[in-house]
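> Take a look at the following structure, please.
Number of protein chains: 4
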Amino acid sequence: MFDHSFKIRVPYADTDKMGLLHHSNYLRYYETARWELLRNIGILYSEIEDEGYILPVTSASIKYIKPCYYDQLLTIQTKLVSYRGPRILFDYQIFSESGELVNEASVTVACAGKEDGKACHPDGLLKELFIKVEKERG
Amino acid sequence: MFDHSFKIRVPYADTDKMGLLHHSNYLRYYETARWELLRNIGILYSEIEDEGYILPVTSASIKYIKPCYYDQLLTIQTKLVSYRGPRILFDYQIFSESGELVNEASVTVACAGKEDGKACHPDGLLKELFIKVEKERG
Amino acid sequence: MFDHSFKIRVPYADTDKMGLLHHSNYLRYYETARWELLRNIGILYSEIEDEGYILPVTSASIKYIKPCYYDQLLTIQTKLVSYRGPRILFDYQIFSESGELVNEASVTVACAGKEDGKACHPDGLLKELFIKVEKERG
Amino acid sequence: MFDHSFKIRVPYADTDKMGLLHHSNYLRYYETARWELLRNIGILYSEIEDEGYILPVTSASIKYIKPCYYDQLLTIQTKLVSYRGPRILFDYQIFSESGELVNEASVTVACAGKEDGKACHPDGLLKELFIKVEKERG
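If you read the sequences in order, they're chains A, B, C and D. All letters in the first sequence, in the order written, are residues 1 to 138 by this note's numbering. All letters in the second sequence, in the order written, are residues 1001 to 1138 by this note's numbering. All letters in the third sequence, in the order written, are residues 2001 to 2138 by this note's numbering. All letters in the fourth sequence, in the order written, are residues 3001 to 3138 by this note's numbering.
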């Protein structure tokens, strides 16, 4: 349930003069992938913001294993690993069309109030999500 | 008074696999250049938003005369051309270090309420700005 | 044949603090849309570069009719309008999910040699494309 | 010698609808900061590419300590920590105008041939740089 697969084709604008997918863009793709994981379990990230919460990134760690190129169709495997306090940890792997692992990453987001930006334990959709995560992970 | 010069060095991330400054980034530089023009006459764009207004772009027209490259130090000449109704027109020219004209553009922004997004005639800093513009332009 | 429809969902990273899709990103989406049009008629843009040509943008004109937002599923209608000399003109319209026209644009690209960057009349895939365009447009 | 301080003002385009500097942009700023460190010791990154080498990122680890905002003037402290095999490690800290630590990161780049993309031990400017690094670090 907390695993999701998402495909993205590398746009020209995301390349750099080395001819590679610029390394900053992986974080943009990972962001899209984690909200697609939520969509897949019935939660829109925009609904979370409507409920008064934001989920800013608090840490990220990325390994660039193989370069990626313009027009490659990448498969991003996203895993919601754990919920600890107000933090959610996502693990990622990206595979090329030939199935080769090209990138992997861990990204932590924290739940915070939209108005004051302070870390908090949320109600509503996020609380339901966290209960599901804890149940599934045991 | 409504002319301003601003320098920007092309970052590596803004290039593409053609080896050029990607064409979408000029609009980002022009945006920075127009808020620097405002700063130069004593108005911070963030203060305008604090007063409840936003200035979204409503049209843009760009001529890519010469390509630009990584690490070039570009000079952006910005001119606040006119204020008509709730719209402000900016004209731009970009020059290379050798003084060659490499890009030119016109960008129109409109004043809108931050909450409802509707076009409006603003009070506060923007109203003062528009009075100054009308006075100077005659 | 020279019309194509392409869908894109607005990523979070492409929004700005106004809460809107940042105006610079439309040019990025239009770029993807025109290479998808080519893909649809059997030409990969990367093959064009492999043949020694690039198609840099020489002018762009954009009307921001309605704002776009995070997570909107936009439909981009792309039309390859004409081929004149070494220039190709594309017209675009973007529609929201409710079918409302939210953005329109014209973008011109020019054929140039990959090595010297000079405008040129190409052989190969581009020549075939241009013959098809002239035939279809009459 | 292998420490450098670089200032950047957060552009509007780099914010997101949370109102924060989007987390992917820090990697773009860190890239600029490391080539500014090289410039400061007399090496242009573009000269390295002219000599036939590229320095792609192989890993990155980022801690987002405090959020950053539009128009903040950030100070990036960059340190060239070590040269091991064909890899160079950079450490970064970003400080707000009030001197608060808001972000820190480690980024590793590897030397590779521009044509084949393979990791290599370089000649020329990079070799000189590595000798200096080893001498200084002891």
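Glycine included, every Cβ here is placed at the ideal spot set by N, Cα and C. These figures come from a predicted structure and were not determined experimentally.
1. Quick one, which residues of the region 1032-1060 of chain B are near chain C if we go by CB-CB under 7 Å, in chain order?
2. With a cut-off of 8 Å on the beta carbons, I'd call residue 3108 of chain D and residue 3059 of chain D a contact; round off their distance for me.
3. Mapping the DSSP letters down to three states, classify residue 107 of chain A as helix, strand or coil.
4. Could you work out which residue in C:2111, C:2103 and C:2083 is closest to residue 2065 of chain C when comparing CA atoms only?
5. Report buried or exposed for residue 1115 of chain B, applying the criterion of at least 16 other Cβ atoms within 10 angstroms of its Cβ.
6. Check whether the region 2012-2021 of chain C touches the region 2085-2093 of chain C, taking contact to mean three or more Cβ pairs, one atom from each stretch, closer than 8 Å.
7. Would residue 3011 of chain D pass as an interface residue toward chain B - the criterion being a Cβ-Cβ separation below 8 Å?
8. Rounded to a whole number of angstroms, what is the C-alpha to C-alpha distance between residue 1004 of chain B and residue 1078 of chain B?
9. So, does the CB of residue 3084 of chain D fall closer than 8 Å to a CB anywhere in chain A?
10. In chain order, what residues of the same chain have a beta carbon less than 6 Å from the beta carbon of residue 3008 of chain D, not counting five sequence neighbours either side?
11. Checking contacts by CB at 8 Å: is residue 1064 of chain B closer than that to chain C?
12. Nearest CA to the CA of residue 3002 of chain D: which residue from D:3080, D:3137, D:3092 and D:3090?
13. Is the beta carbon of residue 2055 of chain C sitting closer than 8 Å to the one on residue 2048 of chain C?
14. Give me the residue from C:2126, C:2130, C:2022 and C:2133 with the minimum Cα distance to residue 2067 of chain C.
15. Under 9 Å between beta-carbons, which chain A residues line up against residue 2028 of chain C? List them in chain order, please.
16. Helix, strand or coil for residue 2002 of chain C, going by three-state DSSP, please let me know.
17. Based on DSSP bridge pairs, tell me the residues matched to residue 92 of chain A.
18. Assign residue 2162 of chain C to buried or exposed, taking buried as 16 or more other Cβ atoms, counted over all protein chains shown, within 10 Å of its Cβ.
19. Would you say residue 184 of chain A and residue 3061 of chain D are within 8 Å of each other, going by their C-beta atoms?
20. Could you check whether the Cβ of residue 145 of chain A sits closer than 8 Å to any Cβ belonging to chain D?
21. Taking all protein chains shown into account, decide if residue 3094 of chain D is buried (16 or more other Cβ within 10 angstroms of its Cβ) or exposed.
22. For residue 1121 of chain B, would you say it is in contact with chain A, using Cβ-to-Cβ distances shorter than 8 Å as the test?
23. Classify residue 3034 of chain D as buried or exposed, calling it buried when 16 or more other Cβ atoms lie within 10 Å of its own Cβ.
24. Apply the 10 Å Cβ neighbour rule to residue 3098 of chain D and answer buried if 16 or more other Cβ atoms are within range, or exposed otherwise.
25. Have a look at residue 2117 of chain C and residue 133 of chain A and give me their C-alpha separation to the nearest angstrom.
26. From residue 1050 of chain B to residue 3125 of chain D, what distance separates their C-alpha atoms?
27. What number of angstroms, rounded off, separates the C-alpha of residue 11 of chain A from the C-alpha of residue 3135 of chain D?
28. State the start and end residues of the unbroken alpha helix (DSSP H) segment that holds residue 2029 of chain C.
29. What residue from A:31, A:105 and A:43 has the CA that sits closest to residue 92 of chain A's CA?
30. Please name the residue, chosen from C:2076, C:2090 and C:2119, that lies closest to residue 2006 of chain C on a Cα-to-Cα basis.
31. Express the C-alpha separation of residue 1032 of chain B and residue 19 of chain A in angstroms, rounding to a whole number.
32. What residues of chain D sit near residue 4 of chain A, judged by a beta carbon separation below 8 Å?
33. Measuring only the C-alpha atoms, how far is residue 1039 of chain B from residue 1090 of chain B?
34. Under 8 Å Cβ to Cβ from residue 101 of chain A, same chain only, skipping five residues before and after it: list those, please.
35. Where does the unbroken alpha helix (DSSP H) through residue 1046 of chain B begin, and where does it stop?
36. How would you list, in chain order, the residues of chain A whose beta-carbon sits under 9 Å from the beta-carbon of residue 1024 of chain B?
In terms of the structure at hand:
1. 1054, 1056, 1057, 1058, 1059 and 1060
2. Taking the fourth sequence and counting its residues from 1, one reaches residue 3108 of chain D at position 108. Taking the fourth sequence and counting its residues from 1, one reaches residue 3059 of chain D at position 59. Contact holds; Cβ gap of about 5 Å.
3. Taking the first sequence and counting its residues from 1, the one referred to as residue 107 of chain A is at position 107. It is a strand residue.
4. Taking the third sequence and counting its residues from 1, one reaches residue 2065 of chain C at position 65. Here the closest residue by C-alpha is C:2103.
5. Stepping through the second sequence from its first residue, residue 1115 of chain B is reached at position 115. Residue 1115 of chain B is exposed by the Cβ-count criterion.
6. no
7. Numbered from 1 along the fourth sequence, position 11 holds the residue referred to as residue 3011 of chain D. Cβ-Cβ to chain B under 8 Å: yes for residue 3011 of chain D.
8. Residue 1004 of chain B sits at position 4 when you count from the first residue of the second sequence. Residue 1078 of chain B sits at position 78 when you count from the first residue of the second sequence. About 5 Å.
9. Taking the first residue of the fourth sequence as 1, we reach residue 3084 of chain D at position 84. Answer no: the Cβ-Cβ gap between residue 3084 of chain D and chain A never drops below 8 Å.
10. Residue 3008 of chain D sits at position 8 when you count from the first residue of the fourth sequence. Counting only Cβ-Cβ distances below 6 Å, and skipping sequence neighbours, we find 3029 and 3074.
11. Start at 1 with the first residue of the second sequence, and residue 1064 of chain B comes out as number 64. Yes, because at least one Cβ of chain C sits closer than 8 Å to the Cβ of residue 1064 of chain B.
12. Within the fourth sequence, residue 3002 of chain D is the residue found at index 2, counting from 1. The shortest C-alpha separation from residue 3002 of chain D is found at D:3080.
13. Sequence index remark: in the third sequence, residue 2055 of chain C carries index 55 (1-based). Sequence index remark: in the third sequence, residue 2048 of chain C carries index 48 (1-based). Closer than 8 Å, so yes.
14. Stepping through the third sequence from its first residue, residue 2067 of chain C is reached at position 67. If we check each option's Cα against that of residue 2067 of chain C, C:2022 comes out closest.
15. Here residue 2028 of chain C corresponds to residue number 28 of the third sequence, with the count starting at 1. 11, 12, 13 and 14, listed in chain order.
16. As a position in the third sequence, residue 2002 of chain C is number 2, starting the count at 1. Three-state result, residue 2002 of chain C: coil.
17. To locate residue 92 of chain A, count along the first sequence from 1; it is residue 92. Bridge partners of residue 92 of chain A: A:78 and A:105.
18. The structure shown does not extend to residue 2162 of chain C, since chain C spans only 2001 to 2138, so no value can be given for it.
19. Because chain A in this structure spans residues 1 to 138, residue 184 of chain A falls outside the shown range and cannot be described.
20. For residue 145 of chain A there is no data in the structure shown, the boundaries of chain A being 1 and 138.
21. Position 94 of the fourth sequence holds residue 3094 of chain D. It is buried - the Cβ of residue 3094 of chain D has at least 16 other Cβ atoms within 10 Å.
22. By one-based count along the second sequence, residue 1121 of chain B stands at place 121. False, the Cβ-Cβ gap to chain A never drops below 8 Å.
23. Taking the fourth sequence and counting its residues from 1, one reaches residue 3034 of chain D at position 34. Buried is the call here.
24. Position 98 of the fourth sequence, counted from the first residue, corresponds to residue 3098 of chain D. When all chains shown are included, residue 3098 of chain D counts as exposed.
25. Position 117 of the third sequence, counted from the first residue, corresponds to residue 2117 of chain C. Position 133 of the first sequence, counted from the first residue, corresponds to residue 133 of chain A. Taking the straight line joining both Cα atoms gives about 54 Å.
26. The sequence position of residue 1050 of chain B within the second sequence is 50, counting from 1. The sequence position of residue 3125 of chain D within the fourth sequence is 125, counting from 1. Approximately 49 Å between the Cα atoms of the pair.
27. Here the question's residue 11 of chain A lines up with position 11 in the first sequence. Here the question's residue 3135 of chain D lines up with position 135 in the fourth sequence. Rounded to whole angstroms, residue 11 of chain A to residue 3135 of chain D spans 43 Å at the Cα level.
28. Walking along the third sequence from the start, residue 2029 of chain C turns up at place 29. Per DSSP, residue 2029 of chain C belongs to the alpha helix (DSSP H) from 2025-2040.
29. For the purposes of this step, residue 92 of chain A is identified with residue 92 of the first sequence, where counting begins at 1. Taking only the C-alpha atoms, the option nearest residue 92 of chain A is A:105.
30. Here the question's residue 2006 of chain C lines up with position 6 in the third sequence. It is C:2076 whose Cα lies nearest to the Cα of residue 2006 of chain C.
31. As a position in the first sequence, residue 19 of chain A is number 19, starting the count at 1. As a position in the second sequence, residue 1032 of chain B is number 32, starting the count at 1. The alpha-carbon atoms of residue 19 of chain A and residue 1032 of chain B are separated by roughly 27 Å.
32. Working through the first sequence from its first residue, we reach residue 4 of chain A at position 4. Correct list: empty, because the minimum Cβ distance to chain D is about 20 Å.
33. As a first step, residue 1039 of chain B is located in the second sequence; it is residue number 39 there, counting from the start. As a first step, residue 1090 of chain B is located in the second sequence; it is residue number 90 there, counting from the start. Rounded to whole angstroms, residue 1039 of chain B to residue 1090 of chain B spans 15 Å at the Cα level.
34. Translated into the one-based positions of the first sequence, residue 101 of chain A becomes position 101. 65, 66, 93, 94 and 95.
35. Here residue 1046 of chain B is taken as the residue at index 46 of the second sequence, counted from 1. Note, residue 1046 of chain B: alpha helix (DSSP H), 1045-1050.
36. In the second sequence, counting from the first residue as 1, residue 1024 of chain B sits at position 24. Per Cβ cutoff of 9 Å: 13.
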